[in-house]
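A.B. asks:
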Amino acid sequence: MIYPEHEKLAAISDQSQTVGEFLDFSGYVLAEWGDENSSGTPNPHRLYPIYNIERILAEYFHIDLNKIEQEKRQMLEDIRNENI
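Here the numbering used here is used: the first residue of the sequence shown is 1, the next is one more, and so on.
#1: At the level of alpha carbons, what is the spacing between G27 and E82?
#2: Return the chain-ordered ranges of every beta strand (DSSP E) run that is complete within the region 5-78 and spans a minimum of 3 residues.
#3: Is it buried or exposed for I63, if we count other Cβ within 10 angstroms and need 16 for buried?
#4: Give the secondary structure of N83 by DSSP, where H, G and I count as helix, E and B as strand, and everything else as coil.
#5: Excluding the 5 residues preceding and the 5 following H6 in the sequence, name in chain order all residues of the same chain whose CB lies nearer than 6 Å to its CB.
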């Protein structure tokens with residue numbers, strides 16, 4: 001079985017790791033405008049910190065995290081089927 005999204009991820013892993021380490025090292029906090037507040041209402045006049053750097057890196061490198069999760073589940077299924 002081929003896992004195309006994981007292949008894309010492997011191809012950019014060095015770059016992604018470098019960018020992620022830089023963001024951690026820099027001490028800066030990434031933020032975006034208008035995320036939902038605790039009441040669930042978007043506030044477009046406020047910056048909200050981004051704690052999920054993985055999501056930002058995935059967007060930048062065009063990695064679909066939903067496909068990654070699906071492929072992980074398929075990998076587990078494939079391993080289970082091999083061991084039967």
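Cβ coordinates follow ideal geometry from the N, Cα and C atoms, glycine included.
C.D. replies: According to the structure shown:
#1: G27 and E82: Cα-Cα distance of roughly 45 Å.
#2: 31-33, 47-49
#3: buried
#4: coil
#5: E71
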